[in-house]
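Residue numbers (this note's numbering): 77 to 223. Glycine included, C-beta positions come from ideal geometry on N, C-alpha and C. Here the structure is laid out as structure tokens; the discussion comes afterwards.
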Amino acid sequence: MLYFAYGSNMERVLLKRLCPKAKFVTAAVLSDHELAFFGNSTMWGGGMATIREKPGHQIEGVVWEINDAERKALDEYEGFPSLYLRQEMQVRTPSGKLIAAFAYIMENPGRETPPSKRYKQLLISGAEEHGLSEKYIDFLESIRPLT
77 MLYFAYGSNM
87 ERVLLKRLCP
97 KAKFVTAAVL
107 SDHELAFFGN
117 STMWGGGMAT
127 IREKPGHQIE
137 GVVWEINDAE
147 RKALDEYEGF
157 PSLYLRQEMQ
167 VRTPSGKLIA
177 AFAYIMENPG
187 RETPPSKRYK
197 QLLISGAEEH
207 GLSEKYIDFL
217 ESIRPLT
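In structure tokens form, the structure reads like this:
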């Protein structure tokens with residue numbers, strides 16, 4: 077099954093701890109959505125990434141191929157179904173092909189909270205590692221973290 081990661085799970089080392097057999101498939105873009113940060117992660121010390129609909133915007137991320145056992149491990153890590161829900165999305169590859177992949181989306185995000193510096197750096201690291209666009213990496217770098 078295909079998983080679209082847009083947050084810390086873009087970072088290979090972090091994802092491989094949960095999904096050791098995961099295979100990188102492609103970078104991809106989710107149209108008409110934006111990246112947002114909500115809640116307060118005890119692990120990361122700030123807001124956690126989620127996506128929300130926003131016409132005309134787009135999110136870049138990474139598509140991983142994972143198995144059922146790894147999906148279950150991700151479900152537990154992401155707090156499914158109480159914190160995040162799984163939703164199938166159509167993402168576009170660099171070649172222009174649309175593919176279906178699931179993503180985790182925060183159910184009841186509460187109030188917006190900036191991410192910690194450490195969490196923000198994981199997103200940047202994952203984006204750079206997988207060749208996401210310079211424009212998107214610049215966007216990630218522009219996010220103001222918690223101080």
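Review point. Fully enclosed by the stretch 119-165, which beta strand (DSSP E) runs are 3 residues long or longer?
Key: For the stretch 119-165, whole beta strand (DSSP E) runs of length 3 or above, ordered along the chain, are 122-141.
Review point. Alpha carbon to alpha carbon, what distance is there between Asp-144 and Glu-217?
Key: Going from the Cα of Glu-217 to the Cα of Asp-144 covers about 34 Å.
Review point. Would a C-beta distance cut-off of 8 Å place Gly-122 and Pro-191 closer than the cut-off?
Key: Annotated as proximal: Gly-122 and Pro-191, with beta-carbon spacing under 8 Å.
Practice item. Would you mind working out which of Phe-113, Lys-211 and Lys-173 sits nearest Lys-193, comparing C-alpha positions? Key: Considering only alpha carbons, the answer is Phe-113.
Review point. What do you get for Val-139, buried or exposed, if any count of 16 or more other CB atoms within 10 angstroms of its CB means buried?
Key: Counting the other CB atoms within 10 Å of its CB gives Val-139 a total of 16 or more, which places it among the buried residues.
Check your understanding: From Ala-203, Asn-184 and Gly-172, pick the residue whose C-alpha is nearest to that of Ser-158; which is it?
Key -> It is Asn-184 whose Cα lies nearest to the Cα of Ser-158.
Exercise for review: For Ala-149, I'd like the list of residues in its chain whose CB is within less than 6 Å of its CB, leaving aside the five on either flank, ordered along the chain.
Suggested key: Counting only residues of its own chain and dropping the five nearest sequence neighbours on each side, Ala-149 has a CB closer than 6 Å to the CB of Leu-94.
Practice item. Note down the Cα distance separating Ile-135 from Glu-141, rounded to an integer number of angstroms. Key: Using only the alpha carbons, I get a separation of about 19 Å.
Exercise for review: Find out if the Cβ-Cβ distance for the pair Phe-19, Phe-80 is shorter than 8 Å.
Suggested key: This structure does not reach residue 19, given that the chain is present from 77 up to 223, and the question cannot be answered.
Review point. Candidates Pro-221, Ala-203 and Leu-222: which alpha carbon is nearest Ile-213's?
Key: Nearest of Pro-221, Ala-203 and Leu-222 to Ile-213, Cα basis: Ala-203.
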